[in-house]
Every structure is written in C-alpha cells, then in structure tokens.
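Worksheet: one structure, shown below.
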C-alpha cells in the first residue's frame, strides 16, 4: 500500500525540516531577544532601529526574503556564508539566515509584550536597589518576561516549523520540496498529501502540547 | 520619554547614551557603506537599472498586473474563508459533541499544515481530477490553499469573538425566549463580527504575504512572480526586489494601521459591549495552537 514511498527519502526530508527549524529557532531567539532589548533601551537610536526593523521585516513576505537571499544576497552580493561550492549547504545556510531574520521580528514582539506583563513594581524595586538598565533587564525583568511568553513563543516556534517549507522556493531538500517532486511523479496524490500532512501534525502537535504544559507550569503566579 | 526600566538619565548616563548612539550609528553606517559599495561593485546602482521604475512601462506591464493578481487572490480567499470560518467556529461552540468534535479536528488539522503543502496538493488535485485550464489552475490552487488554512484560522477568531462577549448577552436572549439559533444569528454573531473586525483585517496581511508563495512555487502570476519576469527583462535583480518589497511594506503597513485604528475606535466606542479582538489574537491563533494555551500568554507574535 505504501510502495509509492519507495525510492524517496521522506524521513531525510523531514529531518531537513527539523534541522532548519532548530537552527532558525536558536538564531531567532538570540537575535529576537537582542532586538527586544534594543526596543526598550535608553538609547533612542537603538529603539528606532528596533522599531524600524520589526515593522519592515514583519510586512515583507518570507518568500520574498528567502528568494532574495538566493538571487540577491548569494548571486549578486556574493555572500556565500563559507559554502562557496556546495550548493546544498549554501541553500541551507541562506534559508536559516532568512528564517532567523524574519522570525526574530516576531520573537522580539512576543518578548516585548512579555516585558509589559512584568509588574511595574519589579523594575522600580530593581532601580531602587541601584541596578542599572542592563542589570534590571537581565536579572529582574527578562527572566520573568521569558516565563510568561513561553506560550506565545511556542506559537512562533510552530509557525517557524511550518514556515521552513518556504525554503522549497530556493530548492532546499526539505519536506515541501520532496512533496512537490513526489506528487508530480506518483499517482497516489491523496496518500502522498496525507503522509506529508501527518508529518507536520507529528512535528507541531508535541511542540504545542509540551510547551503549552511548560507555559502553565512556569508561568509566574500573580 | 521615560521608562520604568531606567532612571531619567543624569549627566553620566547621558554621556554614555551619546557614546552608545555614536557607536551604534557608526556600525549602521558601516553596514550601509558595505551594501552601497557591493551594489556599486556589481553595477546594481547604475541609473539604467532603476530607470524602468520611474517610467510607466514597467508598472503597467509587470508590477500593477502582479499586484492586482495578489489582491485578487487575497480578497477572494478572504471572502470565501470568512463564511466557512464562521461555520466551523460556530460548530466548535455547539452543544452537541458530535458536531463540536469533528469541527475541532478539521480546524486543528488545517492549522497544523503549512499553507504551501495545501497549495501544492490543491494544484495537483485540480490537474488530475478537474478540467480547469492550466492557465487558471495556479489561481485556483492558491485560493484553495489560502481558503483552507485561513478558514480554520478565522474559525478560531470567530470562536474567540463569540466567547469574548459578556455572558449576560446569552442570558438575556434566553430570558426573552429566543432559541439557540436565534440567539446566535441575532444577538451573538452581529456583536462578534464587530469585535472581530480588527482581527480580520490583520489576517488579510497574512493572506497577502502567503500569496507570494503561490507565485514562486506554482507559478501564479502575482507580484513576486511578475518581479522575476521584470528582472529578466531589465536585468535589475536587486532594484526589482527593493521595489517589490517596498510595495508589500506599504500595502501591509496600511492594512496594519487600519486594523489598529479600527481596534482603537471600537475600544473607545460607547455602544456595544466593548469586546474587541485585536491583532494579538490573530498572532495567537495563526500558529496552530494545538496545546490549547488560550489566554495564558500576553498576546503572541506568530506569522
């Protein structure tokens, strides 16, 4: 019944999806946190940069960013990210770079809304005992903010998992690329669709359940 | 502007902030200089490459038809997805388990699948089992993919919209003897739709952004797709990307601004129950919230 799977590396394709997700998630968490710190910082120029970045990146389709990373950044600007000759590695790295640049804007907004949930008294108390801005942010506000944004960040992570399919636009060998290939060459359209749909349900369902449980457990009780 | 995170700067903090500004500005300048230099090296700044965009030809042949296709697909997808979403949203609130259950499964299933897979699948389905011409097929496939995904997102928006209304509304409707269907159609739904308006406009941004996927992957002639024909004609890859990105930014920024204006207006208005679903809700719902973390977060930020 499943003989149409023969000759195709479905698991390998989903492994690529997982790798794209993990690398982009780590990268966008770091870059998004930095952006959020910029957006609440005392330096007006940094605040302006953070706001401009988020508003610009959020309003461009991810597809435009990923296609540009290949046709513009790699082909014309000559950014090869240390993978000049290996086309597959280059595609992967460009996809991760684009996903990080795009997802970070959403991570930043989540964290910023988390910062807003931390009661004023916390930051005021921190200032009263003489902590400066970066100490207040690192030691008092962000740890509490992170705990309250696990839910929203889980949503961003799930959206990121689904967005890795856009990497198919520059030919990264992940799930959507393989599905396009299979669905055009094999007769079992419905079965192929079901296999790939199931793959994504398997990837996103546990993420939502585990992180949802964690969000409830770790939320600061107020 | 002052914030609770830091004191009003004194002389030392002021000096440090100025220093940080200068350093940061220098870094930004360096980046800008590198971009400018590389573009210059690769000849992307040549006036000839930018000239098409101030002439009518590039706009009337490529960009405007592309933009109109983008808007056409987005608008049609929204118009079809809205009633479908309302149907599933209301079904999820049903008193009967055998209605609630299947509706929940359908909604959660389509929210968990990337919209690209839905488009690819629809494209192949139309190719094999219908006689839609190959010119029309990408349009059908894009709209189908967008409808399936966004109907399930809007179902959650509708459900949240109805749940956001005060209980008193249902109770009052029951007290004057309305049946369940009447309560829904004449009391709850009209108020919920008003509360949902900002969320629906925000969802349009997501739809507009997703049309670009159809352009690249199944050849629908939308804005990003027409960019590549344009760039092939004038050999201006970087300028064309910048112009197209600017169009998307202006369009989506206008929609976002309109949504927040609507939200603020509804919050201010004295009529109604004051229940409003803002853009935050859309972010929450969009990311296949399988864990059921409703209301635990502080308004998420999904895609």
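Residue numbers (my numbering), protein chains in the order written: chain H, 1 to 222; chain F, 1001 to 1303. For every residue, glycine included, the Cβ atom is placed at its ideal position computed from N, Cα and C.
Within 8 Å (strictly less), CB to CB, does residue i reach chain H?
i, result
"residue 1245 of chain F", "yes"
"residue 1087 of chain F", "no"
"residue 1217 of chain F", "yes"
"residue 1128 of chain F", "yes"
"residue 1298 of chain F", "With a pLDDT of only 28 at residue 1298 of chain F, under the threshold of 50, the placement of this residue in the model should not be trusted, and no figure is reported."
List, in chain order, every chain F residue whose beta-carbon is nearer than 9 Å to that of residue i.
i, result
"residue 127 of chain H", "1004, 1005, 1006, 1007"
"residue 143 of chain H", "Within chain F, no residue comes near residue 143 of chain H; the closest Cβ sits about 14 Å away, beyond 9 Å."
"residue 55 of chain H", "1249, 1253, 1256"
"residue 22 of chain H", "What residue 22 of chain H touches in chain F: nothing, since even the nearest Cβ is about 17 Å away."
Going straight from the alpha carbon of residue i to that of residue j, what length do you get?
i, j, result
"residue 52 of chain H", "residue 86 of chain H", "34 Å"
"residue 1151 of chain F", "residue 1223 of chain F", "24 Å"
"residue 109 of chain H", "residue 1062 of chain F", "35 Å"
"residue 1230 of chain F", "residue 1186 of chain F", "51 Å"
"residue 1085 of chain F", "residue 1139 of chain F", "21 Å"
"residue 1028 of chain F", "residue 27 of chain H", "21 Å"
"residue 1255 of chain F", "residue 1072 of chain F", "16 Å"
"residue 1097 of chain F", "residue 58 of chain H", "39 Å"
"residue 61 of chain H", "residue 1275 of chain F", "31 Å"
"residue 69 of chain H", "residue 98 of chain H", "7 Å"
"residue 1195 of chain F", "residue 1161 of chain F", "6 Å"
"residue 30 of chain H", "residue 207 of chain H", "19 Å"
"residue 64 of chain H", "residue 1171 of chain F", "49 Å"
"residue 155 of chain H", "residue 214 of chain H", "13 Å"
"residue 1265 of chain F", "residue 142 of chain H", "32 Å"
"residue 169 of chain H", "residue 1113 of chain F", "17 Å"
"residue 139 of chain H", "residue 113 of chain H", "18 Å"
"residue 1297 of chain F", "residue 151 of chain H", "Unreliable placement is indicated for residue 1297 of chain F, whose pLDDT of 28 sits below 50; no coordinate value is reported for it."
"residue 148 of chain H", "residue 211 of chain H", "12 Å"
"residue 1210 of chain F", "residue 1115 of chain F", "8 Å"
"residue 18 of chain H", "residue 160 of chain H", "10 Å"
"residue 1158 of chain F", "residue 1192 of chain F", "7 Å"
Residues of chain F with a CB under 7 Å from the CB of residue i: which are they?
i, result
"residue 72 of chain H", "1237, 1238, 1241"
"residue 60 of chain H", "1245, 1248, 1249"
"residue 80 of chain H", "Near residue 80 of chain H there are no residues of chain F at all, since even the closest Cβ is about 13 Å away, more than 7 Å."
"residue 33 of chain H", "Correct list: empty, because the minimum Cβ distance to chain F is about 13 Å."
"residue 68 of chain H", "1241"
Closer than 8 Å by beta-carbon distance: list the chain F residues that pair up with residue i, in chain order.
i, result
"residue 120 of chain H", "1004"
"residue 64 of chain H", "1212, 1224, 1241, 1244, 1245, 1248"
"residue 124 of chain H", "1004"
"residue 133 of chain H", "1005, 1006"
"residue 137 of chain H", "1005"
"residue 180 of chain H", "1120, 1217"
"residue 146 of chain H", "None at all; the shortest Cβ gap to chain F is about 12 Å."
"residue 100 of chain H", "Result: empty, since nearest Cβ-Cβ is about 13 Å, beyond 8 Å."
Say whether chain F places a C-beta atom closer than 8 Å to the C-beta of residue i.
i, result
"residue 97 of chain H", "no"
"residue 171 of chain H", "no"
"residue 218 of chain H", "no"
"residue 14 of chain H", "no"
"residue 19 of chain H", "no"
"residue 51 of chain H", "no"
"residue 5 of chain H", "no"
"residue 204 of chain H", "yes"
"residue 193 of chain H", "yes"
"residue 176 of chain H", "yes"
"residue 30 of chain H", "no"
"residue 45 of chain H", "yes"
"residue 10 of chain H", "no"
"residue 26 of chain H", "no"
List, in order along the chain, the chain H residues whose C-beta lies closer than 8 Å to that of residue i?
i, result
"residue 1109 of chain F", "197, 201"
If the cut is a Cβ gap below 9 Å, which residues of chain H does residue i touch?
i, result
"residue 1137 of chain F", "In chain order: nothing, as chain H lies at least about 13 Å away."
Practice item. Would you list, in chain order, the members of the region 1034-1064 of chain F that have their beta-carbon closer than 7 Å to a beta-carbon of chain H? Key: The residues in question are 1038, 1042, 1044.
Check your understanding: Name the residues in the region 1011-1029 of chain F whose C-beta lies less than 8 Å from a C-beta of chain H; which are they?
Key -> Residues of the region 1011-1029 of chain F with a C-beta atom less than 8 Å from some C-beta of chain H are 1013, 1017, 1020, 1021, 1024, 1025, 1028, listed in chain order.
Exercise for review: Select from the region 1113-1126 of chain F all residues with a C-beta closer than 7 Å to any C-beta belonging to chain H, and list them in chain order.
Suggested key: Taken in chain order, the members of the region 1113-1126 of chain F whose beta-carbon sits within less than 7 Å of a beta-carbon on chain H are 1113, 1114, 1116, 1117, 1120, 1121, 1124, 1125.
Exercise for review: Quick one: which residues of the region 1193-1213 of chain F get their C-beta closer than 9 Å to a C-beta of chain H? List them in chain order.
Suggested key: When CB distances to chain H are screened at a threshold of 9 Å, the residues of the region 1193-1213 of chain F falling below it are 1205, 1208, 1209, 1210, 1211, 1212, 1213, in chain order.
**Study point:** Short-range partners of chain F found in the region 157-171 of chain H, where Cβ spacing is below 7 Å
**Key:** Residues of the region 157-171 of chain H with a C-beta less than 7 Å from any C-beta of chain F: 158, 159, 162, 163, 165, 166, 168, 169, listed in chain order.
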